[in-house]
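Presented below is the structure to which this report refers.
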Amino acid sequence: MTLLKWALLFFLISVVAGVLGFTGISAASADVARILFYIFLVIFLVLLILGLTIFRV
15 MTLLKWALLF FLISVVAGVL GFTGISAASA DVARILFYIF LVIFLVLLIL
65 GLTIFRV
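Residue numbers for the sequence shown follow our numbering, beginning at 15 and rising by one.
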């Protein structure tokens, strides 16, 4: 799997975590979803930058 595909995967996971955590579906999991959202967002951005710059084939 290429780095851009990994970046897209982490972006989609962060969006799902954000939707579940920020819309009030489950108040108990909102904090966990926010943490996961920011973690996956950072991972997405790092992998996107690496995929576009350093790891070009």
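In this text, a Cβ means the ideal position worked out from N, Cα and C, and glycines have one as well.
No Cβ-Cβ contact shorter than 8 Å links L22 with F69. Between L66 and F24, the gap from beta carbon to beta carbon reaches 8 Å or more. Annotated as distal: L59 and A31, with beta-carbon spacing of 8 Å or more.
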